[in-house]
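With this note's numbering, the residue at position 40 of the sequence shown is 40, and numbering never jumps. Notes follow once the structure below has been shown.
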Amino acid sequence: MSKTLEECQKEVNDWVGQRTPAYWNPHQIYTRLGSEVGELGKEINHEFGPLKKKPDEKPSSIEEESGDIIFTIICLLNSRGLSLDRAFEIAMSKCYGRDKDRFQLLDPKK
Numbered sequence: 001m002s003k004t005l006e007e008c009q010k011e012v013n014d015w016v017g018q019r020t021p022a023y024w025n026p027h028q029i030y031t032r033l034g035s036e037v038g039e040l041g042k043e044i045n046h047e048f049g050p051l052k053k054k055p056d057e058k059p060s061s062i063e064e065e066s067g068d069i070i071f072t073i074i075c076l077l078n079s080r081g082l083s084l085d086r087a088f089e090i091a092m093s094k095c096y097g098r099d100k101d102r103f104q105l106l107d108p109k110k
């Protein structure tokens with residue numbers, strides 16, 4: 001089931017709005033984001049790096065930890081009244097503008 005970015009923001013806002021405080025302050029959310037990125041790093045290290053999970057560690061996944069990061073980003077944007085759609089548009093405009101010649105393109109003949 002696919003959702004638009006706007007639908008994702010609304011779903012998070014509806015869920016958070018039933019709790020108190022509705023949103024943490026931006027510094028608290030940013031701190032949580034750092035923690036979530038660390039958990040993603042740990043999962044990547046377990047899957048691709050030299051450190052494997054201990055037998056007693058709970059199963060997790062790159063997908064699960066990425067979802068936690070997305071949720072936290074949405075909380076940050078919602079708490080400031082900002083748009084995830086707009087944030088994505090800004091990021092992609094950098095790809096098509098500033099970074100358009102930064103990386104080698106695939107050879108279309110291959």
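Even glycine gets a Cβ: it sits at the ideal position worked out from N, Cα and C.
The alpha helix (DSSP H) spanning residue i covers which residue range?
i    : result
G38  : P26 to F48
D107 : D107 -> no alpha helix (DSSP H), and no H or E assigned at all.
R86  : L84 to Y96
T72  : I62 to R80
E7   : L5 to V16
Nearest to residue i by alpha carbon, out of the options?
i    : options                : result
E151 : K53, W24, L84 and H27  : Not covered by the structure: residue 151. The range shown for the chain is 1 to 110.
E43  : T72, D56, I62 and K54  : I62
E65  : E36, N25, K100 and V16 : E36
P26  : P50, P59, F103 and L82 : L82
Are residue i and residue j closer than 8 Å when you measure CB to CB?
i   : j   : result
L33 : F88 : no
I70 : L40 : no
Classify residue i as buried or exposed, calling it buried when 16 or more other Cβ atoms lie within 10 Å of its own Cβ.
i    : result
L105 : exposed
C75  : buried
K29  : Per the sequence shown, the amino acid found at residue 29 is Ile instead of Lys. That one is buried.
Q18  : exposed
L77  : buried
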